[in-house]
Every structure is written in structure tokens, then in C-alpha cells.
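J.:
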Amino acid sequence: MKHALIAASILSVLLLACSSPEKQCLRIEAQVRQMTAVLSADDDRLPVAAPDLLDSLQQRCSALREDMGRLTAKSPGAETPACFDRTATALGLLEKHLYALRSDPALYNIGEHWKRSLADRVRPLNERLNIIKTQMELSGDYFNAAKRNLQKPSPDRTGDALQNQMLTLEFLDSELTAALQAAALSSKEKEAFQQVLTKARMEVKDYLAFCRSLQFEHRDSLPR
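In the numbering used here, each residue's number is its place in the sequence shown (first place is 1) plus 110.
The following block contains the structure:
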């Protein structure tokens, strides 16, 4: 992914040098959308925001912001491309999200992904459970990335992070366990799912303990 972003950066410089302001702006906008999609979850995919990925995306954002600055300098006033404001807003939102991934422990709310997948009634229960199982198999990578990213976490968000993990544990022990029992899966399939669930529960508890340690560290740092 990192090499792909570097290649995209080189390509964009070449394209920006030989196209109209409108086309340049549209290309920048397309790249911002692509980068945003990398960090976005859907019903089947759980994004793992590893630190090197965030570094690469941040560097790319800086390069695109410079491209937009050059574009503005070339097309001042009324000649500024119509998509400029839209692209600038999208880039700003992406940069804000990248900052939040490094500072907001509550943003790593894996239980919301699982709840959303289970609530998708369009799909059969067995299919939903298979999606959740695949997501749970990534929970270790997900939380390891979170702990590596959160070098300077916001203390104001620690309480929400703790609450999120408690709700996730409640979901695992109630709704998801009930759904597993009701599913038309073989005993072997249910046993395999339960093993993954047990491991995921431990990883949620480990992140819960991490958030508690952040809370204690913040309290200890306050003046007495």
C-alpha cells in the first residue's frame, strides 16, 4: 500500500504538470477519495490502521495540499476550479481523521463493526456470522495497531473508550452468543466460531486494560 501511494504521488506530479486546472482538481479529489476509502469500514471489511499506513497517508495528504496550493496560485479568484472547495473540505476531513486515529482511543470501537454486521438482516444469519468471524480473526491486529498509534492519546476520550469496550463485551456475551446458538451451523462450526470469539473477547479485554492504564496515567499526571 505504501509503495502504491508513493507511485500515485509521482504520477500525480506528472499529470498536474500537463493538464487543465479543472482536471488537476478532479485528479486530486479522486486521490483523496481513494485514500479515505482505505480507512473506511464496510460490512465485510475491518480496516487495520497500522502506523506505517497512517504515516504514508499523512505524507500523501501533505503532498496533495501542496498541489492544491500550486493550483490556487495558478488559478486565482473566479478561475479557481469549481471542485476546489469540495476537494479542500474532503482533504481536511481526511487529515482530521488521521489525527484522530493517533489521539482518540474511543475511535477504535470494534464492537460497532460486529454489531452492524449482525444487524444486517438482508443477509442470512450464517453469512453474517461468517463475516463477524473473519472480522474477529483480525481483532488482534486491529488493537495492536491502535495501541501503537496512540502515543499521545486525548485523556478526554478515555472514558468513552472504556464504555465502548464494556458494551462490546456485553454484545459478545449476549447478542452474539445467542445468535451463534440459534444459527444452523454444525457442532464443529460452532466450536470453531466459539474459539475465535473467546480469543476476540480476550483482545477486547486487553484493549480495555490499555485504556484504563491511559486513564490512570492521566490521573497521576494531574497536580495534587
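Even glycine gets a Cβ: it sits at the ideal position worked out from N, Cα and C. On a predicted model such as this, the values are computed, not experimentally measured, just so you know.
Have a look at L307 and A183 and give me their C-alpha separation to the nearest angstrom.
T.: Cα to Cα, the separation comes out at about 55 Å.
J.: Compute the distance between the beta-carbons of S227 and R238, then report whether it is under 8 Å.
T.: Yes, these two residues count as a Cβ contact at 8 Å.
J.: Can the beta-carbon of D214 be found closer than 8 Å to that of R267?
T.: Yes; because the gap between Cβ atoms is below 8 Å, this pair is in contact.
J.: Less than 8 Å between C-beta atoms, sequence neighbours within five positions excluded: which residues of the same chain meet that for R212?
T.: Result list for R212: L164, N259, L260, Q261, K262, in chain order.
J.: If you draw a straight line from the C-alpha of L286 to the C-alpha of L136, how long is it?
T.: The straight-line gap from Cα to Cα measures roughly 44 Å.
J.: By how many angstroms is the C-alpha of D152 removed from the C-alpha of A255?
T.: C-alpha separation (whole angstroms): 19 Å.
J.: Taking the straight line between their C-alpha atoms, what separation do you get for L279 and L208?
T.: Taking the straight line from one Cα to the other gives about 27 Å.
J.: Just to check my reading of the structure: V158 and D251 have Cβ atoms closer than 8 Å, yes? What is that Cβ distance to the nearest angstrom?
T.: Contact flag correct, Cβ pair sits at about 5 Å.
J.: What would DSSP say about P157, mapped onto helix, strand or coil?
T.: Here P157 sits in coil by DSSP.
J.: How many Å lie between F303 and A293 at the Cα?
T.: Each residue's alpha carbon lies about 11 Å from the other.
J.: Among the candidates Q305, G179, L149, E132, whose CA atom is the shortest distance from the CA of K206?
T.: Of the candidates Q305, G179, L149, E132, the one whose C-alpha sits nearest the C-alpha of K206 is L149.
J.: For R233, does the three-state DSSP call read helix, strand or coil?
T.: Three-state DSSP puts R233 in coil, outside helix and strand.
J.: Which complete alpha helix (DSSP H) runs does the stretch 261-287 hold, if anything under 4 residues is left out?
T.: Here the runs fully enclosed are 268-281.
J.: Would you tell me roughly how many angstroms separate the C-alpha atoms of W224 and T199, rounded to the nearest one?
T.: Spanning the two alpha carbons is a distance of roughly 30 Å.
J.: Roughly how far, in whole angstroms, is the beta-carbon of T197 from the beta-carbon of E132, given that I think they are within contact range, below 8 Å?
T.: With 8 Å as the limit, T197 and E132 do not qualify as a contact, their Cβ atoms being about 11 Å apart.
J.: Please state whether DSSP places S296 in a helix, a strand or coil.
T.: In this structure, S296 counts as coil in the three-state DSSP scheme.
J.: By Cβ distance, which residues of its chain are closer than 8 Å to L290, with the 5 residues on each side in sequence left out?
T.: Correct list, in chain order: L239, K300, F303, Q304, L307.
J.: Alpha carbon to alpha carbon, how far is S130 from S284? Give it in angstroms, no decimals.
T.: About 57 Å.
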